[in-house]
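With mature numbering (1 follows the signal peptide of the UniProt record, and there is no 0) as the guide, the letters of the sequence shown map in order to residues -18 to -1, 1 to 238. Report on the following structure.
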Amino acid sequence: MKVQTTLLAAAGLKVAFAYPSLQSQSQPQAPSAGPDFSNWSPPGPGDSRSPCPALNILANYNILPHNGKGITVDQLIAAITSAYSVQPGFASVLANGGLLASPTPLQRKLDLADLAKHNVIEHDGSLSRQDAATGDQLKFSEDAWGMVMREYDGMKQTSIEAASRGKWNRVQDSLTKRGAAGVTYKAKQFILSYGETALYLSALGGPGTGVANVEWVKMFFEQEKLPIDEGWAPPKTNISLPIMSEMLLKLYNANP
C-alpha cells in the first residue's frame, strides 16, 4: 500500500513540472514587504473571480488587482508567496500552471475567471464548486462545500482524517452522479484534489500539521476572506513542495 501511495503521489507531482519551458521564464523572488490585509472588499460588477478561493481572497484584499484581470505570472508569484508563505519556487510552479488556462499564455497574463477552464486547474470533485458538467464550476456551491464541512461537525480544529474524508466525499459524489466514465480523476486530478486540501490546511493551520481552526476554514471558503481579526497571520514556515508532498501522503493514507 505504501509503495502504491508513493507512486500515486509521484505521478501527481509530475503534473506540476510538466511544463518546464513555462516555468523557466519566471525568476521567482520573495517579496520585499509583507502584504496589506487592511483593505478587503467583495468583488463588484464586472470583476473576475476564479474557482480558487485562495486567489479570489488575494483579489478581494487588493493584493492581486481587485478586478481580477490582466494578472501577470510575476504578480501571482509575489502574492502567493507573501500572503500564504508559499516558497517562491513552488509559487512559480503554481502560477505557471494557472497560466495554461489563459487564452493568451504567451502574454503571460490571465484573468481569474480563465482558471475555470475544465481540467487545467479546475477539476471534478472540487471542494467548493460543482463539476463543470453538472453545474457552475466558477461560483461557490453550498451543496458541494457542505459535503466537506459535515466531516468537521462538532469539531473546533481540523484534522488530517476529517479533511481527507471531506475531500473524498466530493469525489464520491461526482462518481455517484455521473459514473466513472463521466468523471475525470487521473494522476493530475489526484494531485489537484489532495493538493488543494493540503494547501488550505497548511495556509490556515501551519505547514504539515493538518490542524486549523474550523471557523477560519469556513471564513476562507464561504466569505473568501482571511481571519485577520481572529488572529491569523501568514505561516512562519514556508509551504514548500516537500511539505506538500508529505501532506498529500498523509491525506491519502488517512482515507485510501
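A virtual CB, placed ideally from N, CA and C, is assigned to each residue, including glycine. A quick note: this is a predicted structure, and the numbers were derived from the prediction, not measured.
| query | Just the Cα atoms here: how many angstroms apart are I103 and L174? | reply | 7 angstroms
| Quick one: what does DSSP say T219 is sitting in, helix, strand or coil? | In the structure shown, T219 falls within a coil segment according to DSSP collapsed to helix, strand and coil.
| message | Can you tell me which residues form a DSSP beta bridge with L92? | response | I53
| field | Buried versus exposed call for T140 [16 or more other C-beta atoms within 10 Å across all chains shown] | value | buried
| field | CB of A145 within 9 angstroms of CB of L233, strictly | value | Closer than 9 angstroms, so yes.
| task | Grab the span of the alpha helix (DSSP H) containing Y176 for me, first residue to last. | result | 169 to 187
| Coil, strand or helix - V165 by DSSP | coil
| field | Cut-off 6 angstroms between Cβ atoms - residues of its own chain near L120, not counting five sequence neighbours on either side | value | P33, A98
| task | Could you name the residues of the same chain whose beta carbon sits closer than 8 angstroms to that of E143, not counting the 5 residues immediately before and after it, in chain order? | result | A236, N237
| Where in the region 122 to 151 do unbroken runs of the alpha helix (DSSP H), each at least 4 residues long, occur, reported from the N-terminal end onward? | 124 to 131
| said: Taking only three categories from DSSP, how would you classify E197? | reply: helix
| query | In this structure, does DSSP put V68 in helix, strand or coil? | reply | strand
| Alpha-carbon to alpha-carbon, G190 and S222 | Answer to the nearest angstrom: the Cα atoms are 10 angstroms apart.
| message | Measuring straight from C-alpha to C-alpha, what distance separates M201 and I39? | response | If I take the Cα positions, the gap works out to 10 angstroms.
| message | By the three-class DSSP mapping on this structure, what secondary structure does E228 have? | response | helix
| Is there contact between the region 49 to 60 and the region 210 to 218, where contact requires at least three CB pairs shorter than 8 angstroms? | Output reads no: the region 210 to 218 does not touch the region 49 to 60.
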